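Report on one structure; see the data block that follows.
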Amino acid sequence: MTLLSSHSMLKELTLTNVSVGYDGGAVVKNASFQLMEGQIGCLLGPSGCGKSTLLRAIAGFESLMTGEICVDDQVISSQTISVNPEHRHIGMVFQDIALFPHLTIAQNIAFGLSAWPKEVAQQRVMYLLDLVGLTGFQARYPHSLSGGQQQRVALARAIAPKPKLLLMDEPFSGLDAKLREELVPDIRAILQHEKMSALLVTHDQMEAFAMADQVSVMDAGVIHQTGSPYQIYHRPETRFVASFIGHGDFLPATVCGPDCVHSDLGNIRGELHHGFADHALVDLLVRPDDILHDDDSEFVGVIVSKWFRGSHFLYRVKLSSGKVVYCFASSHHNHAVGQEIGLSVHLDHLVMFQRQ
Amino acid sequence: MADLPRSSSVSKSQWNGLKIAAILIAAVLALPILVVLINVLIADGEVWRHLYQTVLAEYISNSLLLMLGVGIGVLVIGIPCAWLTSMCDFPGRSFLSWALLLPMAMPAYIIAYTYTGVLDFAGPVQAFIRELTGWRYGEYWFFEIRSLGGAIVMLTLVLYPYVYLMSRAAFLEQSENTLEVSRTLGYSGRRMFFRLALPLARPAIVTGLTLALMETLADYGTVQYFSVNTFTTGILRTFYGFGDVSAASQLAGVLLMFVAMLILLERYSRHRIRYHSSGLKKASNRRMVLKGGMGSIACCFCLLPILVGFFIPVSVLAYWAMFKAENPGANFIQLAWNSFYLAAIASLIVVSLALVLSYAIRLNPTRSVTASVGIAGLGYALPGTIIAIGTIVPLAWLDHRLIDFVRHYTGDSVGLIFSGTLVALLFAYTVRFMAVSLGAVQNGLGKIKPSMDMAGRSLGMSPYKVLIGIHVPLLKGSVLTAMLIVFVDVLKELPATLVLRPFNFNTLAVRAFELASDERLVDAAPASLMIVLVGLIPVILLSRSIASHIGSSK
Numbered sequence: 001m002t003l004l005s006s007h008s009m010l011k012e013l014t015l016t017n018v019s020v021g022y023d024g025g026a027v028v029k030n031a032s033f034q035l036m037e038g039q040i041g042c043l044l045g046p047s048g049c050g051k052s053t054l055l056r057a058i059a060g061f062e063s064l065m066t067g068e069i070c071v072d073d074q075v076i077s078s079q080t081i082s083v084n085p086e087h088r089h090i091g092m093v094f095q096d097i098a099l100f101p102h103l104t105i106a107q108n109i110a111f112g113l114s115a116w117p118k119e120v121a122q123q124r125v126m127y128l129l130d131l132v133g134l135t136g137f138q139a140r141y142p143h144s145l146s147g148g149q150q151q152r153v154a155l156a157r158a159i160a161p162k163p164k165l166l167l168m169d170e171p172f173s174g175l176d177a178k179l180r181e182e183l184v185p186d187i188r189a190i191l192q193h194e195k196m197s198a199l200l201v202t203h204d205q206m207e208a209f210a211m212a213d214q215v216s217v218m219d220a221g222v223i224h225q226t227g228s229p230y231q232i233y234h235r236p237e238t239r240f241v242a243s244f245i246g247h248g249d250f251l252p253a254t255v256c257g258p259d260c261v262h263s264d265l266g267n268i269r270g271e272l273h274h275g276f277a278d279h280a281l282v283d284l285l286v287r288p289d290d291i292l293h294d295d296d297s298e299f300v301g302v303i304v305s306k307w308f309r310g311s312h313f314l315y316r317v318k319l320s321s322g323k324v325v326y327c328f329a330s331s332h333h334n335h336a337v338g339q340e341i342g343l344s345v346h347l348d349h350l351v352m353f354q355r356q
Numbered sequence: 001m002a003d004l005p006r007s008s009s010v011s012k013s014q015w016n017g018l019k020i021a022a023i024l025i026a027a028v029l030a031l032p033i034l035v036v037l038i039n040v041l042i043a044d045g046e047v048w049r050h051l052y053q054t055v056l057a058e059y060i061s062n063s064l065l066l067m068l069g070v071g072i073g074v075l076v077i078g079i080p081c082a083w084l085t086s087m088c089d090f091p092g093r094s095f096l097s098w099a100l101l102l103p104m105a106m107p108a109y110i111i112a113y114t115y116t117g118v119l120d121f122a123g124p125v126q127a128f129i130r131e132l133t134g135w136r137y138g139e140y141w142f143f144e145i146r147s148l149g150g151a152i153v154m155l156t157l158v159l160y161p162y163v164y165l166m167s168r169a170a171f172l173e174q175s176e177n178t179l180e181v182s183r184t185l186g187y188s189g190r191r192m193f194f195r196l197a198l199p200l201a202r203p204a205i206v207t208g209l210t211l212a213l214m215e216t217l218a219d220y221g222t223v224q225y226f227s228v229n230t231f232t233t234g235i236l237r238t239f240y241g242f243g244d245v246s247a248a249s250q251l252a253g254v255l256l257m258f259v260a261m262l263i264l265l266e267r268y269s270r271h272r273i274r275y276h277s278s279g280l281k282k283a284s285n286r287r288m289v290l291k292g293g294m295g296s297i298a299c300c301f302c303l304l305p306i307l308v309g310f311f312i313p314v315s316v317l318a319y320w321a322m323f324k325a326e327n328p329g330a331n332f333i334q335l336a337w338n339s340f341y342l343a344a345i346a347s348l349i350v351v352s353l354a355l356v357l358s359y360a361i362r363l364n365p366t367r368s369v370t371a372s373v374g375i376a377g378l379g380y381a382l383p384g385t386i387i388a389i390g391t392i393v394p395l396a397w398l399d400h401r402l403i404d405f406v407r408h409y410t411g412d413s414v415g416l417i418f419s420g421t422l423v424a425l426l427f428a429y430t431v432r433f434m435a436v437s438l439g440a441v442q443n444g445l446g447k448i449k450p451s452m453d454m455a456g457r458s459l460g461m462s463p464y465k466v467l468i469g470i471h472v473p474l475l476k477g478s479v480l481t482a483m484l485i486v487f488v489d490v491l492k493e494l495p496a497t498l499v500l501r502p503f504n505f506n507t508l509a510v511r512a513f514e515l516a517s518d519e520r521l522v523d524a525a526p527a528s529l530m531i532v533l534v535g536l537i538p539v540i541l542l543s544r545s546i547a548s549h550i551g552s553s554k
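So the sequences go chain by chain: A and B. full-length UniProt numbering puts the first residue of the first sequence at 1, with every later residue one more than the last. full-length UniProt numbering puts the first residue of the second sequence at 1, with every later residue one more than the last.
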């Protein structure tokens with residue numbers, strides 16, 4: 001194993017051109033990304049995009065068609081090599097929790113500790129019960145616990161053998177929203193406390209943003225972009241990422257200079273990321289918070305619908321061209337549907353795609 | 001870093017052994033039905049014409065009348081009892097709701113022997129009437145139990161629990177909301193029952209009915225004893241009496257057609273059950289309270305089938321066995337031992353094969369494996385007589401080839417290795433009872449979610465350790481249940497045992513049949529009672545699992 005210089009982080013997990021599939025075809029195509037030690041990564045995408053299959057491939061339950069998966073620079077999966085799941089030292093939390101119904105909570109958590117000396121294992125179980133806030137539950141059986149408590153036990157069971165990497169498959173999908181909000185920061189804290197890297201699969205971007213340091217957005221078996229939540233929200237690299245993450249509209253525009261595009265809402269200036277030629281026809285991504293209510297603006301639109309969000313209003317506004325966009329306004333600016341309001345655009349960087 | 005143990009592949013090829021095993025098991029278990037079908041196809045028209053001219057009309061009409069009578073009977077008893085115990089509350093309801101299953105423990109032929117002993121000319125009832133009135137033989141009318149009507153009553157008494165069980169489950173599944181909505185739309189108790197509850201439960205009721213009718217078609221002991229000529233008696237008479245395999249197969253083929261229609265009906269209605277359950281709140285705590293006279297009537301109505309179908313015949317059998325029957329002594333112990341070890345071996349074989357099939361389909365749910373498991377489970381619908389013929393024909397053929405072969409090369413003479421030994425019997429039991437054990441094992445295996453296997457693997461367990469540490473403890477109960485059900489079914493099975501048993505090898509069921517045929521009904525009581533008592537075990541298990549199911553989904 002090569003020693004990297006002390007200031008750079010160690011690569012925990014590396015996927016290179018990984019394709020997974022069955023006889024019919026590839027479910028995951030050429031997936032590549034890296035996860036650094038101590039980081040929490042996330043595979044985010046709509047259901048059926050192949051994210052769970054990719055996670056199962058990392059755990060060793062699916063074989064690879066191409067590419068390789070490395071943990072700590074050691075290949076654990078490729079076309080020719082496949083380390084059995086039980087030898088990978090990768091923990092996993094399952095979507096349906098999958099506690100063993102015939103074992104007590106303590107026995108469930110201790111299940112992966114069979115090779116440990118008894119007393120050390122016992123200490124570890126007690127420590128984890130305390131960590132997940134379930135002290136005193138060790139003799140109970142899974143069926144007597146609530147969903148959130150079962151989820152905590154599943155987490156404790158997965159991290160008990162101190163795996164290098166923890167995989168979580170939609171771990172919060174079975175829980176209600178309130179419970180999830182409580183659990184997410186708890187689990188983040190536990191993972192950081194245990195200095196464990198983790199990879200999470202979810203279709204819920206709020207969950208991804210709350211948990212992850214690094215998000216990989218997937219669709220139809222392809223990883224579109226890997227980056228921090230901020231990056232994938234503000235600098236989406238593909239049209240799919242732009243439309244899947246957050247609210248947003250594509251505003252038709254024409255490139256009119258090195259840092260300028262022309263649109264229904266006038267000339268918009270900002271940092272250009274893509275090398276489009278002058279006069280190129282593009283779609284400009286505008287988020288609700290990019291378009292503000294501005295009575296002084298020469299550009300106007302008609303309110304089509306509105307939602308009161310407490311701190312602000314979210315309007316759908318129809319421009320003169322017929323294009324409908326989102327617009328944020330402070331909650332003092334209460335306008336009726338059908339009313340005309342002035343709009344101004346504030347963009348730091350321009351995210352554009354070739355017009356379709 | 002230490003080298004990790006590697007395997008060259010996690011591909012599913014390592015399960016190919018299981019796949020091949022599943023296909024082989026299915027192929028072997030399909031043998032009896034194939035033999036019958038082939039014999040139907042190759043038989044010449046002469047046999048068919050002869051059957052048509054002589055016995056076929058009688059067999060068909062008797063079988064149809066039997067099915068019609070039993071069908072009406074099980075519906076008339078089963079549905080009202082299910083409705084009363086699931087939707088109403090009256091004195092004794094909780095006892096009655098499981099006691100209504102008790103007649104399931106009673107094989108039809110045993111209840112037939114018992115009531116014949118009680119009700120025929122020499123029995124205590126008619127003797128009592130004669131004593132009271134002074135009438136003599138021929139001077140009064142009394143219900144002739146040894147008739148088609150008698151067979152219908154006997155079969156109804158032990159088969160209504162199928163309809164009761166299925167329709168009760170359906171009534172309990174019906175959502176309280178559905179029924180409450182109908183109330184707000186002005187439906188009262190009776191109209192609600194006929195317009196809503198009954199149509200909703202219909203697929204379940206039809207499923208129960210088809211199961212009862214399959215048992216009716218498969219019955220041999222009752223109709224044989226009552227001298228009602230049906231397919232099952234005809235098949236065995238043709239086969240034994242005239243040694244005519246071809247004609248027997250023809251008859252079996254026609255019977256098979258009836259069975260196939262019932263299977264199709266059953267599959268169809270099972271399929272429909274899924275669309276008829278709403279999965280909403282269950283109506284278990286809001287029962288209509290029947291007060292006073294209505295409550296007593298309901299109680300009596302539900303009590304009657306239990307008394308007539310279980311408590312009276314069991315009391316009679318117990319009385320005979322204790323005070324009247326000749327002391328069977330060591331002979332009886334030999335019989336019980338024969339029955340028990342045969343049933344134990346059969347249940348071991350059947351459940352082991354069911355485990356192989358269940359794991360094959362779990363690990364490798366390809367079309368070929370799924371089809372194999374389906375074929376392996378077909379035997380549940382086949383009457384024991386058909387399986388017996390389908391077993392003895394190919395095994396006898398094999399034996400004779402073997403005898404010729406050995407004689408040709410060594411000059412020695414070997415006996416009938418397959419057809420004359422327990423092998424034939426065990427094979428027939430496996431064909432007949434594979435489905436019940438498959439059902440129980442698959443049910444248990446289904447509760448072990450695949451993610452539990454993966455959780456075990458990701459915690460460092462090898463596949464073998466996952467099997468020992470997770471599957472074995474979780475599956476133990478289901479496997480034991482499956483073995484128990486097969487054990488009891490084998491103990492009760494009559495026609496296949498009668499045909500396939502080795503020379504001079506008797507079981508409790510066969511001995512009860514023989515004694516009854518010799519008009520020694522009282523002496524048959526110890527064996528019969530034993531069969532009924534052992535048969536009670538799965539019924540109790542069933543009623544307990546239903547009770548816990550309802551308790552958990554309150």
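Cβ atoms here follow ideal geometry from the backbone N, Cα and C, with glycine treated the same way. Keep in mind the model is a prediction, meaning the values are calculated, not measured.
Check: Under a three-way DSSP split, which group does Q34(A) fall into?
Finding: Stepping through the first sequence from its first residue, residue 34(A) is reached at position 34. In this structure, Q34(A) counts as strand in the three-state DSSP scheme.
Item checked: Contacts of H349(A) in chain B (Cβ-Cβ under 7 Å) -> What you label residue 349(A) is simply residue 349 of the first sequence in a count that begins at 1. Within chain B, no residue comes near H349(A); the closest Cβ sits about 42 Å away, beyond 7 Å.
Next item on the list: State yes or no: is the beta carbon of K449(B) nearer than 7 Å to at least one beta carbon in chain A?
Entry: Here residue 449(B) refers to the residue found at position 449 when the second sequence is read from its first residue. Closer than 7 Å: yes.
Notebook entry, point to check: Per DSSP, which one or two residues make a beta bridge with A26(A)?
Noted result: By one-based count along the first sequence, residue 26(A) stands at place 26. According to DSSP, A26(A) bridges with G21(A).
Notebook entry, point to check: How would you call Q250(B), buried or exposed, if buried means at least 16 neighbouring beta carbons within 10 angstroms?
Noted result: Reading the second sequence from its first residue, position 250 is the one you call residue 250(B). Sixteen is the threshold: when 16 or more other Cβ atoms of the shown chains lie within 10 Å of the Cβ of Q250(B), as they do, the residue is buried.
Checklist line | 8 Å contact criterion, which A151(B) and F226(B) should meet: CB distance rounded | finding: Taking the second sequence and counting its residues from 1, one reaches residue 151(B) at position 151. Taking the second sequence and counting its residues from 1, one reaches residue 226(B) at position 226. A151(B) to F226(B), Cβ: 5 Å. Contact.
Next item on the list: Pull up the CB-CB distance for V441(B) and A354(B), whole angstroms please, since I reckon it's below 8 Å.
Entry: Taking the second sequence and counting its residues from 1, one reaches residue 441(B) at position 441. Taking the second sequence and counting its residues from 1, one reaches residue 354(B) at position 354. Yes, V441(B) and A354(B) are in contact; Cβ-Cβ is about 5 Å, under 8 Å.
Note to self: For a test of the three-state rule: what should DSSP assign to I20(B), helix, strand or coil?
What the structure shows: Counting from one through the second sequence, the residue named residue 20(B) turns up at place 20. Residue state, collapsed to three classes: helix.
Note to self: Considering just the uninterrupted stretch of the beta strand (DSSP E) at K306(A), what are its terminal residues?
What the structure shows: The sequence position of residue 306(A) within the first sequence is 306, counting from 1. Start and end: 299 to 308.
Check: chain B partners of G112(A), CB-CB under 7 Å?
Finding: Stepping through the first sequence from its first residue, residue 112(A) is reached at position 112. Those are L459, G460, listed as they occur along chain B.
Notebook entry, point to check: Going along chain A in order, which residues have a C-beta closer than 8 Å to the C-beta of L307(B)?
Noted result: In the second sequence, counting from the first residue as 1, residue 307(B) sits at position 307. Within 8 Å Cβ-Cβ: nothing; L307(B) doesn't reach chain A, min ~40 Å.
Next item on the list: May I have a chain-ordered list of the alpha helix (DSSP H) segments no shorter than 4 residues that lie completely inside the stretch 193 to 267 of chain B?
Entry: 198 to 218, 221 to 225, 231 to 236
Margin query: Please report the straight-line C-alpha distance between T497(B) and A482(B), rounded to a whole angstrom.
Written below: Here residue 497(B) refers to the residue found at position 497 of the second sequence. Here residue 482(B) refers to the residue found at position 482 of the second sequence. Cα to Cα, T497(B) sits roughly 21 Å from A482(B).
Margin query: Using CA atoms only, rank isn't needed, just tell me which of A170(B), Y464(B), S147(B) is closest to F193(B).
Written below: On the second sequence, position 193 is the one that residue 193(B) refers to. Taking only the C-alpha atoms, the option nearest F193(B) is A170(B).
Next item on the list: Can you grab the Cα-Cα spacing for the pair S545(B) / I235(B), in whole Å?
Entry: Position 545 of the second sequence, counted from the first residue, corresponds to residue 545(B). Position 235 of the second sequence, counted from the first residue, corresponds to residue 235(B). Cα to Cα, the separation comes out at about 38 Å.
Check: For E298(A), is the classification buried or exposed, using 16 other Cβ atoms within 10 angstroms of its Cβ as the cut-off for buried?
Finding: As a working mapping, residue 298(A) is identified with position 298 in the first sequence. Exposed is the call here.
Check: Going straight from the alpha carbon of S344(A) to that of G301(A), what length do you get?
Finding: For the purposes of this step, residue 344(A) is taken as residue 344 along the first sequence, with counting starting at 1. For the purposes of this step, residue 301(A) is taken as residue 301 along the first sequence, with counting starting at 1. Rounded to whole angstroms, S344(A) to G301(A) spans 11 Å at the Cα level.
Note to self: For P203(B), tell me which candidate among T370(B), E266(B), I531(B), F332(B) has the shortest Cα-Cα distance.
What the structure shows: Locating residue 203(B) in the second sequence gives position 203, where the first residue counts as 1. Out of T370(B), E266(B), I531(B), F332(B), E266(B) has the C-alpha closest to the C-alpha of P203(B).
Notebook entry, point to check: At a Cβ threshold of 7 Å, is V120(A) touching chain B?
Noted result: By 1-based counting over the first sequence, the position of residue 120(A) is 120. With 7 Å as the cut-off, V120(A) does not count as an interface residue toward chain B.
Note to self: Taking only three categories from DSSP, how would you classify H408(B)?
What the structure shows: As a working note, residue 408(B) is residue 408 in the second sequence. Here H408(B) sits in helix by DSSP.
Checklist line | Residue-chain proximity (G279(B), chain A), Cβ-Cβ < 7 Å | finding: Reading the second sequence from its first residue, position 279 is the one you call residue 279(B). Only weak support exists for where G279(B) lies, its pLDDT of 43 falling under 50; the coordinates are left without a value.
Check: Going straight from the alpha carbon of D3(B) to that of L15(A), what length do you get?
Finding: Residue 3(B) sits at position 3 when you count from the first residue of the second sequence. Residue 15(A) sits at position 15 when you count from the first residue of the first sequence. Low per-residue confidence applies at D3(B): pLDDT is 45, beneath 50, and the placement is therefore not dependable, though the value from the model is reported in the following sentence. D3(B) and L15(A): Cα-Cα distance of roughly 20 Å.
Checklist line | Bridge partner(s) assigned by DSSP for G41(A) | finding: For the purposes of this step, residue 41(A) is taken as residue 41 along the first sequence, with counting starting at 1. Secondary-structure assignment with DSSP links G41(A) through a beta bridge to L199(A), Q214(A).
Next item on the list: Give a yes or no on whether the minimum CB-CB distance between L474(B) and chain A is below 7 Å.
Entry: By 1-based counting over the second sequence, the position of residue 474(B) is 474. It does; some Cβ of chain A falls within 7 Å.
Next item on the list: Could you please give the first and the last residue of the uninterrupted alpha helix (DSSP H) stretch that includes Q74(A)?
Entry: The residue labelled residue 74(A) in the question sits at position 74 within the first sequence. Segment 74 to 77 is the beta strand (DSSP E) holding Q74(A); no alpha helix (DSSP H) there.
Next item on the list: Just mark A57(B) as buried or exposed, buried being the case when its beta carbon has 16 or more other beta carbons within 10 Å.
Entry: As a first step, residue 57(B) must be located in the second sequence, where it is residue number 57. Residue burial annotation: A57(B) is exposed, with fewer than 16 other C-beta atoms found within 10 angstroms of its C-beta.
Check: Starting from H293(A) and walking both ways along the beta strand (DSSP E), at which residues does that stretch end?
Finding: Here residue 293(A) is taken as the residue at index 293 of the first sequence, counted from 1. H293(A) -> beta strand (DSSP E) spans 291 to 293.
Notebook entry, point to check: Bridge partners of Y113(B), per DSSP?
Noted result: By 1-based counting over the second sequence, the position of residue 113(B) is 113. None, per the DSSP bridge assignment.
Notebook entry, point to check: Straight-line CA distance for T230(B) to P495(B)?
Noted result: Position 230 of the second sequence holds residue 230(B). Position 495 of the second sequence holds residue 495(B). Their backbone Cα atoms lie some 14 Å apart in a straight line.
Check: Using the beta-carbon of each residue, which ones in chain B are nearer than 7 Å to P142(A)?
Finding: Stepping through the first sequence from its first residue, residue 142(A) is reached at position 142. Here the premise fails: no neighbours, minimum Cβ distance about 11 Å.
Next item on the list: Determine whether the Cβ of I403(B) lies closer than 7 Å to any Cβ atom of chain A.
Entry: In the second sequence, the residue the question calls residue 403(B) occupies position 403. It does not; no Cβ of chain A falls within 7 Å.
Notebook entry, point to check: Any Cβ of chain B within less than 7 Å of the Cβ of D96(A)?
Noted result: Counted from its first residue, the first sequence places residue 96(A) at position 96. Taking Cβ atoms only, chain B reaches closer than 7 Å to D96(A), which makes this a yes.
Notebook entry, point to check: Which value, in whole angstroms, describes the spacing of the CA atoms of A208(A) and T202(A)?
Noted result: In the first sequence, residue 208(A) corresponds to position 208, counting from 1. In the first sequence, residue 202(A) corresponds to position 202, counting from 1. Cα to Cα, A208(A) sits roughly 7 Å from T202(A).
Notebook entry, point to check: Closest Cβ-Cβ distance between Q61(A) and chain B: below 7 Å?
Noted result: Taking the first residue of the first sequence as position 1, residue 61(A) is located at position 61. In the sequence as displayed, the identity of residue 61(A) is Phe instead of Gln. Output row for F61(A): interface = yes.
Item checked: For M126(A) and A455(B), believed in contact at Cβ under 8 Å, the rounded distance -> Within the second sequence, the letter at position 455 stands for residue 455(B). Within the first sequence, the letter at position 126 stands for residue 126(A). Rounded, the Cβ-Cβ distance is 21 Å, inconsistent with contact.
Check: Using DSSP with H/G/I as helix, E/B as strand and the rest coil, what is E119(A)?
Finding: The residue given as residue 119(A) occupies position 119 in the first sequence. Note: E119(A) maps to helix in three-state DSSP.
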